Structure formats: C-alpha cells, structure tokens
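So that you can map any letter, position 250 of the sequence shown is 278 in the working numbering, and since no number is skipped, the others follow by simple counting.
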Amino acid sequence: MANEASNADDKQRQLDGMRVNPAGTTLTTQQGVRIDHTDDSLTVGERGPTLLEDFQAREKLTHFDHERIPERVVHARGSGAYGTFTPYDNWLAEYTVAEFLSNPALTTPVFVRFSTVAGSRGSADTVRDVRGFATKFYTGAGNYDLVGNNIPVFFIHDGIKFPDFVHAVKPEPHNEIPQAASAHDTLWDFVSLQPETMHMMMWLMSDRALPRSFRMMQGFGVHTFRLVNAAGQGTFVKFHWKPVLGVHSLEWDEAQKIAGKDPDFNRRDLWEAIETGEFPEYELGVQLVAEADEHGFDVDLLDATKIIPEEQVPIRPVGKMILNRNPDNFFAETEQVAFHTANIVPGIDFTNDPLLQMRNFSYLDTQLIRLGGPNFAQIPVNRPIAEVSTNQRDGYHQSRVHQGRTAYFKNSLSGGCPAIADEGVFRHYQEKVEGHKIRKRAASFQDYYSQATLFWNSMSDWEREHIVAAFRFELGKVDHMHIREAVVEQLNRVDHRLATQVAEGVGVKPPTEEVQPNHGRSSPALSQANTATDTIRSRKVAVLVADGVEAGPVTALVEALRGRGAVPELLAPTNGAVRTAAGEELAVDRAMTTMASVLYDAVVVPGGDAAVTTLSADGYAMHFIAEAIKHAKPVAAVGTGATLVGRATANVMTLAAEDGIANEHGVLVAPAATTELPDGFVESFCDLLAAHRIWTRPTAAIPA
Ligand code: HDE
Numbered sequence: 029m030a031n032e033a034s035n036a037d038d039k040q041r042q043l044d045g046m047r048v049n050p051a052g053t054t055l056t057t058q059q060g061v062r063i064d065h066t067d068d069s070l071t072v073g074e075r076g077p078t079l080l081e082d083f084q085a086r087e088k089l090t091h092f093d094h095e096r097i098p099e100r101v102v103h104a105r106g107s108g109a110y111g112t113f114t115p116y117d118n119w120l121a122e123y124t125v126a127e128f129l130s131n132p133a134l135t136t137p138v139f140v141r142f143s144t145v146a147g148s149r150g151s152a153d154t155v156r157d158v159r160g161f162a163t164k165f166y167t168g169a170g171n172y173d174l175v176g177n178n179i180p181v182f183f184i185h186d187g188i189k190f191p192d193f194v195h196a197v198k199p200e201p202h203n204e205i206p207q208a209a210s211a212h213d214t215l216w217d218f219v220s221l222q223p224e225t226m227h228m229m230m231w232l233m234s235d236r237a238l239p240r241s242f243r244m245m246q247g248f249g250v251h252t253f254r255l256v257n258a259a260g261q262g263t264f265v266k267f268h269w270k271p272v273l274g275v276h277s278l279e280w281d282e283a284q285k286i287a288g289k290d291p292d293f294n295r296r297d298l299w300e301a302i303e304t305g306e307f308p309e310y311e312l313g314v315q316l317v318a319e320a321d322e323h324g325f326d327v328d329l330l331d332a333t334k335i336i337p338e339e340q341v342p343i344r345p346v347g348k349m350i351l352n353r354n355p356d357n358f359f360a361e362t363e364q365v366a367f368h369t370a371n372i373v374p375g376i377d378f379t380n381d382p383l384l385q386m387r388n389f390s391y392l393d394t395q396l397i398r399l400g401g402p403n404f405a406q407i408p409v410n411r412p413i414a415e416v417s418t419n420q421r422d423g424y425h426q427s428r429v430h431q432g433r434t435a436y437f438k439n440s441l442s443g444g445c446p447a448i449a450d451e452g453v454f455r456h457y458q459e460k461v462e463g464h465k466i467r468k469r470a471a472s473f474q475d476y477y478s479q480a481t482l483f484w485n486s487m488s489d490w491e492r493e494h495i496v497a498a499f500r501f502e503l504g505k506v507d508h509m510h511i512r513e514a515v516v517e518q519l520n521r522v523d524h525r526l527a528t529q530v531a532e533g534v535g536v537k538p539p540t541e542e543v544q545p546n547h548g549r550s551s552p553a554l555s556q557a558n559t560a561t562d563t564i565r566s567r568k569v570a571v572l573v574a575d576g577v578e579a580g581p582v583t584a585l586v587e588a589l590r591g592r593g594a595v596p597e598l599l600a601p602t603n604g605a606v607r608t609a610a611g612e613e614l615a616v617d618r619a620m621t622t623m624a625s626v627l628y629d630a631v632v633v634p635g636g637d638a639a640v641t642t643l644s645a646d647g648y649a650m651h652f653i654a655e656a657i658k659h660a661k662p663v664a665a666v667g668t669g670a671t672l673v674g675r676a677t678a679n680v681m682t683l684a685a686e687d688g689i690a691n692e693h694g695v696l697v698a699p700a701a702t703t704e705l706p707d708g709f710v711e712s713f714c715d716l717l718a719a720h721r722i723w724t725r726p727t728a729a730i731p732a
C-alpha cells in the first residue's frame with residue numbers, strides 16, 4: 029500500500045510542481061520584469077511608428093509566432109485524461125515480473141490519449157475512423173506505453189507499408205480533400221490492391237469506427253507481445269481493454285451531423301464525464317499463449333492483421349483502469365504527451381511482428397521533430413516517476429541542471445556513478461533467431477480473407493446492414509469505376525452475399541460466382557450486440573417542453589433518470605423557463621435551437637395541450653423528434669405527447685396506448701389520458717436506454 033500511495037503521489041507532486049496558476053500574480057515578461065501596460069505598443073507619439081526597442085511587444089509576438097508545433101502525422105486529433113490502474117490480484121506474477129500488472133497493492137498512475145487517425149488536429153471527432161487508445165503507465169520500474177487502437181487488427185502486416193497506407197487515407201495531395209474521411213479514391217485504390225487490408229476494412233466499415241463515446245469503446249494492444257517471468261520464461265500475450273459501460277456506437281447519418289453540430293462531441297463527452305465524477309472505467313484483460321503453442325493456430329501470431337478469437341483463447345481479467353482527472357492544459361499535456369511502443373519495463377517484451385518492430389523505430393523518431401529535440405521525456409506529462417539517472421547531456425530544451433564533472437561510464441571521478449544496476453533491470457528476452465537476410469512475406473501471413481469472413485459471420489443482422497451501407501457510402505464517393513469494381517471483387521472473397529449487396533448499391537455488376545465459399549465459422553464475442561447493455565449511466569436524454577406542459581410526469585421521469593445516473597436535460601423553444609399547465613415555473617436547461625437530437629441518446633415528449641400545439645408548429649421541435657426516431661433512439665411520449673410524436677413521423681408511426689404502456693419499436697407511449705407516469709414506465713424506458721438503440725426499428729419511411 030505504501031508503494032501505491034507513493035507512486036500516485038509522486039506523479040501528482042511532479043505535476044503540481046510544474047503547474048502555474050495566474051490567480052493572484054502580476055503580469056511580467058519572460059525575464060520577470062513587471063508590466064503595467066500590454067494593450068498598446070511603444071510608438072512615437074499617439075499615431076507614430078512602432079519602435080523596435082519595444083521588447084515587451086517583441087517578446088509577446090515572437091512567443092506567439094512559435095506557439096504551434098507540428099501536429100502528429102497521424103492521430104493528430106486527440107483527447108487525454110489521467111487516472112490509475114490497479115490489478116485485481118496477483119495471478120499474472122507467474123507470467124511476468126511487471127509488478128504493476130500483478131501486485132494488487134500497487135496503484136499505478138496513467139495518462140490515456142484517445143484519438144482519430146486520419147484527420148488533422150482541428151477535425152471533427154465523429155468521423156468514420158479507427159480510434160487510438162494509448163496508455164502511459166507511470167510504473168515504479170519506468171514508463172510503460174501500451175499504444176493501441178479500438179480495433180484489434182491493423183491495415184497492413186509490415187511497417188514499411190505504413191507511409192503508403194497513410195498517404196492513401198489522408199486528404200488527396202493535389203487538393204487536400206477530403207478531411208478526416210476514408211471515402212475517397214486513393215484509400216480504396218490502395219485497399220483494392222492490398223488485400224491484407226480486408227479484415228481491417230470490415231472493422232472500419234462497421235459501427236466500431238463510430239464510437240458513441242471514448243468511454244464506450246474497447247481498446248486493443250493489436251500486436252502479440254511477450255510477458256517474461258522471473259525465470260526468464262516468455263509467454264505470448266495480447267492486451268484488451270473492455271469498457272465497463274459496454275460498446276456503443278453512433279449511426280452514420282448521426283455521426284456526420286454531429287460533426288457539424290458539435291465537432292468536439294467525443295472530447296466534450298470525456299471531459300464532462302470526468303468533471304461530473306462519472307469516471308470512465310476499463311478492464312484490462314490478457315489472452316495468453318504458451319510459447320510451445322505458437323504454431324497451433326490457423327493464423328500467424330506475428331501477423332497484426334489477425335485476431336485470436338476469444339472463444340479459442342479466453343480473455344483473463346487483470347485489473348481496472350479508472351480515468352479520474354482532466355488535464356489542466358491541453359497543449360502541455362495532451363498535445364505534448366509522447367507515446368512510444370518501445371517504452372517497456374521489465375516483464376514485458378516485443379515479438380518479431382514486423383509492424384511492431386517498425387513502430388519501435390518510428391515513435392522515437394517522430395518525437396524528435398514534433399517536440400523539437402531529444403529531451404521530451406523531461407516534459408511533465410512524459411516524465412517517469414521512476415528515478416532517472418543517465419549520462420545523456422545537453423540538447424534542445426535541456427531543463428535538468430546536471431551537477432559534477434563526469435558524464436561517462438566508467439568513471440572514477442564520481443565514484444563510478446551512476447552505477448550499473450544489479451536488480452530490477454530490464455533484460456532483453458533471449459530469443460534464438462536464425463535465418464538469411466531476405467525481403468519476403470512469410471507464407472503464414474498470406475491468408476487475407478478468412479478472418480474478414482469470420483468478422484462478417486459474427487455480426488448481427490443490423491450490424492451487417494450497417495456494414496453494407498458503409499461500403500456503399502464509401503465506394504459511392506469513389507469516382508473511378510475500376511476501383512469500385514476491384515473492391516467488390518475483393519469483397520467477393522470475403523462473402524458472396526456481402527459483395528452482391530455492395531455491388532448493387534454502387535452501380536457495379538454483382539459478381540456471378542462465389543469464388544471462395546464462406547467457411548461458416550463465427551466468433552460471437554466480435555459482435556457489439558454481445559457487450560454490456562445493463563446501464564444507463566451518463567446517457568443524455570432530451571426532454572422537450574413548452575408553455576402548458578404537464579409537469580408531473582416530466583419531474584418524475586427526470587428524477588428517476590437522474591437517480592439512475594443518466595443526464596436528462598429540459599429543452600424549450602427559448603432559454604429561461606416555461607409555465608406548466610398548473611401555472612408554475614419550470615426551469616429550462618437549454619434552448620432547443622442550440623442543440624439537436626443527434627447530441628442525445630433519447631428523447632422524451634411530455635403531454636399538455638398548449639405545449640403540444642406550440643411544439644407542433646415548431647419545425648425545429650418536430651425535426652428533433654423525427655430525427656431521434658430515425659436514428660433508432662428510445663423515445664418516450666406521455667399523454668398528448670404521443671400526438672406530437674405521431675405528427676413528427678408524418679403518422680408513419682401510429683402511436684396509441686388506450687390502456688397500459690405501448691412500445692412500438694422502442695417508442696414508448698403512456699396511455700392517452702395520462703397526467704402521471706404509469707407504473708413500469710420508468711423501468712421500460714431505462715431498459716430501452718440501456719440497450720442504447722433499437723436498431724431493428726424500421727426507419728426507412730420516417731422523414732427526418
Ligand atoms: Fe502509430 N504512430 N504507427 N499505430 N499510433 C503514431 O506517433 C506508426 C500503428 C497509434 O495519442 C505516431 O507520436 C508506424 C498501429 C496511436 O499520441 C507515429 C506504424 C497502431 C497513436 C506513428 C504505426 C498504432 C499513434 C504519430 C506502422 C495500433 C497516437 C505521432 C509500423 C496498435 C498516440 C506519434 C498518441 C501515433 C507511427 C502503426 C496506434 C508517426 C510507422 C499498428 C494510438 O510515430
């Protein structure tokens with residue numbers, strides 16, 4: 029326990045020491061000279077020329093001119109948070125000497141950065157993309173970075189192809205279009221010619237690429253790594269993060285609209301959740317494979333385009349991460365954090381995965397240009413809590429003041445210090461390797477389709493519909509017909525039905541033959557439908573009100589939802605308050621026009637004749653309801669509120685509940701004459717909200 033407190037406290041103290049709070053201070057220059065005037069530059073007379081000796085203005089502008097640093101070449105758009113990681117028990121000690129994974133008395137501080145990949149730093153959060161999920165563990169034995177994604181596989185086998193892939197997915201070079209989108213010719217050209225991408229493309233076209241929240245997505249280490257125990261024995265390991273809130277996604281149309289309504293949607297969600305004490309939680313789990321079993325799989329463990337199905341090797345829980353503090357300053361912390369796959373600690377080691385090997389070169393290299401020199405580990409967010417003592421000296425932004433006259437080993441002048449450590453050291457795993465130097469892809473990496481098919485087979489009906497729609501959207505934006513055709517050809521090797529459905533949507537002649545019969549295997553764990561749907565914590569619910577609203581049910585529902593951890597908000601045509609049917613004042617949280625249904629998980633439409641009349645005549649309100657229904661969200665209507673819902677859907681949904689509660693595809697309606705919430709209404713609504721979406725709702729005919 030002593031360790032637990034001291035690690036977390038050390039990191040905290042370290043950061044505290046660097047924190048600058050302007051409260052109570054006076055303005056100075058960088059040199060500490062006090063300033064009493066910073067709004068006008070030094071000029072000759074009131075309207076004369078500005079003087080070069082205005083050192084205050086020059087310092088201020090020079091600093092400003094240099095405020096930007098190069099954004100990350102990928103994963104430029106990100107959001108970060110601090111937290112802790114604590115193992116559940118010590119079972120992993122048999123496999124690794126990394127104590128932070130196996131000592132339940134040890135709580136390790138962490139910093140996590142979530143990101144999109146393709147967009148630039150100012151791009152929208154809700155684009156179709158992979159999400160980065162990078163965790164820095166400040167362990168007592170040094171920093172360990174698990175730099176993963178929310179998808180368990182990658183586009184390519186070998187890091188040497190990464191620049192090609194990134195050039196293909198980024199905006200096209202001649203016109204820098206499109207921003208943060210994969211729906212364009214160069215990406216699909218690359219995909220059609222590089223079939224190893226097919227498995228990843230299936231994930232990218234699935235709802236995994238549209239997370240509802242960073243708090244509701246899985247994380248994966250992607251590569252096979254190695255754990256090393258005290259006897260020096262290695263065990264292959266794959267790392268998994270599972271969100272306690274389950275895995276939930278946005279609808280594609282909704283995601284696109286949010287990109288305009290609130291481009292910071294995921295960032296805001298993470299920030300607000302932490303500010304309100306709704307701390308994101310993830311369970312770390314591992315899949316372990318004994319070295320003797322390395323070749324017992326139908327895929328190569330060194331191939332990052334493949335998974336090991338959970339049904340084959342179960343995920344064993346290791347511990348929990350809780351994110352409980354927002355950074356104080358975005359630039360200092362989230363922008364300057366420097367992850368590196370080669371930041372490892374004793375007990376963890378690499379494998380020969382060629383993608384991982386290349387990453388081990390690339391991350392150090394990128395930090396040198398991005399953070400301007402070799403001393404980036406001294407930036408507070410990157411600083412280990414473990415003691416640092418090297419003979420490395422000088423360089424840009426050196427902030428340590430090294431004392432003494434020696435900076436070499438061995439030395440006699442400083443008593444031989446820093447001395448070589450003899451315990452707790454990192455010793456490379458001694459893998460025996462033999463072979464010729466060759467440039468050749470392993471035969472065991474050349475199965476490009478079987479796991480793409482496995483993924484497709486494992487999806488629920490609605491997930492498949494979304495995947496087909498996504499392929500149609502993306503290929504529909506591709507101008508070159510031969511690229512569309514080539515992708516359909518590739519898809520025909522994944523599944524004939526999938527290829528046919530996509531072809532029909534994009535004007536390509538459907539393939540006539542099934543070139544590769546579907547193997548029929550599936551892995552139920554891959555479906556989002558099979559993750560947690562038992563909580564409504566932090567789900568946002570819009571309650572639409574206007575003057576004349578029947579307040580009883582609104583208040584009861586709002587209280588019940590709040591009591592269960594959801595976040596209901598009252599929205600009216602204008603800010604301020606509305607008058608209830610009983611003539612009382614009811615405070616409003618937001619004006620409807622500042623929000624949109626896409627920013628909520630569910631909508632409640634209360635009754636009250638005057639309110640219903642007002643909202644019926646308000647196009648914004650009607651659109652709000654119709655859109656929520658279109659996006660498969662739970663909607664609750666109380667009393668005459670049902671009329672409003674009926675009108676919003678142009679009466680495609682005929683909503684009536686004479687006696688008892690009606691539930692038409694997740695539109696919950698209380699009996700017509702109700703002025704109070706009927707028994708069981710809250711529970712039924714919460715069940716719908718916990719399930720998140722009613723993906724089976726037929727929405728094609730509903731206008732929005
Ligand atoms: Fe990265 N990647 N990557 N990557 N990556 C970067 O590092 C790179 C890969 C991932 O929040 C860069 O500091 C190469 C796989 C995340 O700061 C850069 C290859 C996976 C982040 C880089 C890969 C990732 C990065 C850009 C192929 C999932 C964001 C700025 C060999 C397991 C970390 C930076 C953060 C960032 C290179 C492949 C995940 C350029 C060369 C596979 C989450 O170094």
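C-beta: ideal position from N, C-alpha, C; glycine also. Predicted model, so just to flag it, every value in this text is computed and none were measured.
Does the separation of the CB atoms of residue i and residue j fall below 9 Å?
i: A23; j: L614; result: Lying outside 29 to 732, the shown extent of the chain, residue 23 is not represented and no answer is given.
i: V158; j: A237; result: yes
i: G106; j: T144; result: yes
i: L174; j: V346; result: no
i: F264; j: G249; result: no
i: P662; j: L572; result: no
i: T112; j: A36; result: yes
i: T481; j: V522; result: yes
i: L383; j: I184; result: yes
i: R512; j: F378; result: no
i: N603; j: A624; result: no
i: T641; j: G576; result: yes
i: V373; j: A126; result: yes
i: S472; j: V327; result: yes
Pick from the options: whose alpha carbon is nearest that of residue i?
i: D38; options: P77, N118, F92, T135; result: T135
i: T114; options: A718, E309, Q544; result: E309
i: G444; options: Y436, D450, E532; result: Y436
i: A414; options: P699, T167, A728, G45; result: T167
i: Q426; options: A360, F325, Q406, M228; result: Q406
i: V734; options: P402, L519, S555, R549; result: The question about residue 734 has no answer here: the residues shown for the chain are numbered 29 through 732.
i: L392; options: P412, T369, P374, G375; result: T369
i: Y477; options: F454, E502, R549; result: R549
i: G504; options: V633, E532, G674, N410; result: E532
i: A719; options: R567, R141, R387; result: R567
i: V710; options: V102, A449, N691, K285; result: N691
i: A121; options: P239, M245, G260, V61; result: G260
i: Y628; options: A639, L598, P726; result: L598
i: L316; options: P342, V275, H524; result: P342
i: R100; options: R75, N118, S148; result: S148
i: A366; options: N403, N354, G688, S555; result: N403
i: V680; options: A732, G60, V633; result: A732
i: R41; options: R411, I689, H430; result: R411
i: I179; options: E200, H195, L273, M233; result: M233
i: T57; options: T90, F359, E541, N380; result: T90
i: M46; options: Y424, A470, E361, T703; result: E361
Since residue i and residue j are thought to touch, with beta carbons under 8 Å apart, how far apart are those beta carbons, to the nearest angstrom?
i: N171; j: N371; result: 5 Å
i: A498; j: V516; result: Incorrect: roughly 14 Å between the Cβ atoms, too far for contact.
i: A208; j: S277; result: Wrong, their Cβ atoms sit about 17 Å apart, outside the cutoff.
i: V138; j: F182; result: Actually they are not in contact, since the Cβ atoms of V138 and F182 sit about 23 Å apart, beyond 8 Å.
i: T622; j: A654; result: The pair is not a contact, with the Cβ atoms about 19 Å apart (cut-off 8 Å).
i: M386; j: G187; result: 2 Å
Output the residue ranges of the alpha helix (DSSP H) runs that lie fully inside the stretch 369-428 and measure 4 residues or longer, sorted by chain position.
382-398
Can you list the alpha helix (DSSP H) stretches of 4 or more residues lying completely in the stretch 206-241, in chain order?
213-221, 226-232
Segments assigned beta strand (DSSP E), at least 3 residues, entirely inside the stretch 149-212:
159-167, 170-177
Restricting to runs no shorter than 3 residues, where is the beta strand (DSSP E) found entirely within the stretch 232-317?
253-256, 262-271
Contained beta strand (DSSP E) runs [length at least 3] in the stretch 575-641, N- to C-terminal order
595-600, 605-607, 613-615, 630-633
Please specify which runs of the alpha helix (DSSP H), each continuous and at least 4 residues long, are wholly inside the stretch 518-585, giving them in chain order.
524-533
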